[in-house]
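Under our numbering, the letters of the sequence shown match residues 2 to 192, in that order.
Since the structure comes first, as structure tokens, the remarks are kept for the end.
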Amino acid sequence: MTKLRKAVFPVAGLGTRLLPATKAIPKELLTVVDRPLIQYAVDEAREAGIEQLIFVTGRGKSALVDYFDSAFELEATMREKGKSLDPLASSRAGFGELVSVRQQQPLGLGHAVWCAREVVGNEPFAVLLPDDLMAGTPGALKQMVDAWEKHGGNMLCTEEVPHDRTGSYGVITPGKQDGTVTEVLGLVEKP
Numbered sequence: 002m003t004k005l006r007k008a009v010f011p012v013a014g015l016g017t018r019l020l021p022a023t024k025a026i027p028k029e030l031l032t033v034v035d036r037p038l039i040q041y042a043v044d045e046a047r048e049a050g051i052e053q054l055i056f057v058t059g060r061g062k063s064a065l066v067d068y069f070d071s072a073f074e075l076e077a078t079m080r081e082k083g084k085s086l087d088p089l090a091s092s093r094a095g096f097g098e099l100v101s102v103r104q105q106q107p108l109g110l111g112h113a114v115w116c117a118r119e120v121v122g123n124e125p126f127a128v129l130l131p132d133d134l135m136a137g138t139p140g141a142l143k144q145m146v147d148a149w150e151k152h153g154g155n156m157l158c159t160e161e162v163p164h165d166r167t168g169s170y171g172v173i174t175p176g177k178q179d180g181t182v183t184e185v186l187g188l189v190e191k192p
């Protein structure tokens, strides 16, 4: 079985549900406790063994790529003042670890994933939605990669939602269960 090495982060959305906060700041850079949402998603991917992070960005989202770039001026100033660079370590992408592709128009999640096709190639890949924050040890993606290595096939991470909110989510018809893995018999996007 081929190793899962790549993850696609569809981060081109307009963030309209979080306006006005997202008018000038990408929603993925909004902070939860001490880190932006995108950092949580990247940390989860790294924990799962992902080697290449593929950001599908759009207009006004260059700050997401900048966040993971080196900040020479900042680092030099911190060194001069005797400050530790440790707080910056997790926000640095290694050489070749981060690739950015552009989604010219916000045409939805499927289109964003399609925009990454040339970088993904014919390899298995994960898709992480940074605005859906989940906590767990190990992280959700690590659990999914472990399940994929055991079962193969396609994997979805799901959560229960109240019946009156199913029109806002993709909904599955569950089948057989094996621990935390449930067979998907059917899938409807926002019924």
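Glycine residues also receive a C-beta, built at the ideal position from the N, C-alpha and C atoms.
Integer Cβ distance of Ala90 from Ala8, believed to fall under 8 angstroms: Wrong, their Cβ atoms sit about 20 angstroms apart, outside the cutoff.
Less than 7 angstroms between C-beta atoms, sequence neighbours within five positions excluded: which residues of the same chain meet that for Pro125? Excluding the 5 residues flanking it on each side, Pro125 has same chain C-beta neighbours closer than 7 angstroms at Thr3, Leu5, in chain order.
Contact set for Thr138: own chain, Cβ-Cβ below 6 angstroms, skip 5 residues either direction: Cβ neighbours of Thr138 beyond the five flanking positions: none.
Inter-residue Cα distance where the pair is Lys99 and Thr23: With the sequence shown as reference, residue 99 is identified as Leu, and Lys is not the correct amino acid for it. Their Cα atoms are separated by approximately 23 angstroms.
Can you tell me the Cα-Cα spacing of Gln105 and Arg60, whole angstroms? About 8 angstroms.
Helix, strand or coil for Asp147? Go by DSSP, reduced to three states. Residue state, collapsed to three classes: helix.
Any idea if Phe73 is buried or exposed, counting beta-carbon neighbours within 10 angstroms, 16 or more meaning buried? With fewer than 16 other Cβ atoms within 10 Å, it is exposed.
For Pro37, which residues in the same chain have their Cβ closer than 6 angstroms to its Cβ, ignoring the five residues on either side in sequence? Taking Pro37 as the centre and dropping the five residues before and after it, the same chain places the C-beta of Leu30 closer than 6 angstroms to its C-beta, in chain order.
On the criterion of 16 or more Cβ atoms from any shown chain inside 10 Å, does Pro131 qualify as buried, or is it exposed? Pro131 counts as buried, since at least 16 other C-beta atoms from the protein chains shown sit within 10 angstroms of its C-beta.
Under 8 angstroms, do Val114 and Pro27 count as touching if we go by C-beta distance? No; because the gap between Cβ atoms is not below 8 angstroms, this pair is not in contact.
With DSSP as the reference, label Gly111 as helix, strand or coil. It is helical.
Identify the continuous beta strand (DSSP E) that holds Phe126 and give its terminal residues. Segment 126-128, the beta strand (DSSP E) holding Phe126.
Ile39 in three-state terms, based on DSSP: Assigned with DSSP and collapsed to three states, Ile39 falls in helix.
Using three-state DSSP, classify Asn63 as helix, strand or coil. Residue identity differs from the one stated: residue 63 is Ser in this sequence, not Asn. Assigned with DSSP and collapsed to three states, Ser63 falls in helix.
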